[in-house]
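**Student:** In my numbering, the protein residues as written are 3 to 235.
Each residue gets a CB set at the ideal place from its N, CA and C atoms; glycine is no exception.
1. Near residue 150, what residues of its chain come up, given a Cβ to Cβ distance below 8 Å and the 5 sequence neighbours on each side ignored?
2. Assess, as a yes-or-no matter, whether the stretch 85-101 is touched by the stretch 114-131 under the definition of 3 or more beta carbon pairs within less than 8 Å.
3. Taking the beta strand (DSSP E) that residue 96 belongs to, which residues open and close that run?
4. What residues match up with residue 114 in a beta bridge as DSSP calls it?
5. Does residue 69 come out as helix, strand or coil in the three-state DSSP assignment?
6. Determine the DSSP secondary structure at residue 157, reduced to helix, strand or coil.
7. Just to confirm before moving on: does the CB-CB distance between residue 223 and residue 85 stay below 8 Å?
8. Does the beta-carbon distance from residue 225 to residue 212 come in below 8 Å?
9. Hey, quick one: how far does the alpha helix (DSSP H) through residue 198 stretch, first residue to last?
10. Only counting the same chain, and skipping five residues up and downstream in sequence, which positions put a Cβ closer than 8 Å to that of residue 196?
11. Grab the span of the alpha helix (DSSP H) containing residue 222 for me, first residue to last.
12. Quick one: grab the DSSP three-state call for residue 109.
13. So, for residue 138: in the same chain, excluding its five sequence neighbours on each side, which residues have a beta-carbon less than 6 Å away from its beta-carbon?
14. Looking at the unbroken alpha helix (DSSP H) that takes in residue 90, where does it start and where does it end?
15. Would residue 168 and residue 181 qualify as a contact pair, given that the criterion is a beta-carbon distance under 8 Å?
16. Suppose you measure from the CA of residue 109 to the CA of residue 100; what does that come to, to the nearest Å?
17. Taking DSSP as the reference, what is the three-state secondary structure of residue 122?
18. Considering only C-alpha positions, which residue in the set 170, 141 and 61 is nearest to residue 92?
19. Rounded to whole angstroms, what's the CA-CA distance from residue 154 to residue 73? Just pull it up for me.
20. Below 7 Å CB to CB, which residues in the same chain sit around residue 131 once its five sequence neighbours on both sides are set aside?
21. Helix, strand or coil: how does DSSP classify residue 135 here?
22. Specify the secondary structure class of residue 202 as computed by DSSP and reduced to three states.
23. In chain order, what residues of the same chain have a beta carbon less than 8 Å from the beta carbon of residue 228, not counting five sequence neighbours either side?
24. Would you kindly work out how many angstroms separate the C-alpha atoms of residue 171 and residue 135, rounded to a whole number?
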């Protein structure tokens, strides 16, 4: 079962259990908890089929967004994607930090960084991704997890990123074991880049936290960027 599916099941079970405990004190029918649980499962199933689970994503992310720690982790995760994409020459076109922001922009999921990827997607569709493009994809997709690992010491997000990488690898008809090794390589490369450009990363985090435009985020990165010659010195 997917992470979203587990979350929805947990919500349904919690609501049913709570009503079963509180219901008798309120004088409600003993059949109400079962009816509620069934209704929630039907509603979540319809959402999954007709709306690709967007309603459930909005609900769950809306609950989680109430936690400052959750919002900070999302912010640092997405800043990792943003910084690495920019460093590898993939211009960022936009970003969102919540499911609601993504929904308002006509996107699915809980938020993310959008960058110019038409060339990469065209190569992938033909199954002829160049080595350079493959390395770019890998590092950018693993950059969110790399940022979490660097800042928090562990990784909680990135399931969608890993799934996207695995899908791309299958599309290229490559060895799955090699794909896993490559993803770990991408994680290490992205983490190293963020470590080397920690000042630029922190400046970007501050800009994104302030809901700065892409242009202002790019300026924040450029102002704190350390050139390779200085890193090697």
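**Tutor:** Taking the structure as given:
1. 75, 78, 79, 82, 156, 157, 158, 159 and 160, listed in sequence order.
2. yes
3. 94-98
4. Residue 114 is bridged to 98.
5. coil
6. coil
7. yes
8. no
9. 178-198 is the extent of the alpha helix (DSSP H) around residue 198.
10. Its chain contains 82, 85, 86, 145, 148, 149, 152 and 203 as the residues whose beta carbon lies nearer than 8 Å to that of residue 196, once the 5 sequence neighbours on both sides are disregarded; these appear in chain order.
11. Run containing residue 222: 216-226, per the alpha helix (DSSP H) assignment.
12. coil
13. 90
14. Counting along the chain, residue 90 falls outside any alpha helix (DSSP H), and DSSP gives it neither H nor E.
15. yes
16. Roughly 11 Å between the two C-alpha positions.
17. helix
18. 141
19. 13 Å
20. Result list for residue 131: 125 and 174, in chain order.
21. DSSP places residue 135 in helix when its eight states are reduced to three.
22. helix
23. 198, 199, 201 and 202
24. 13 Å
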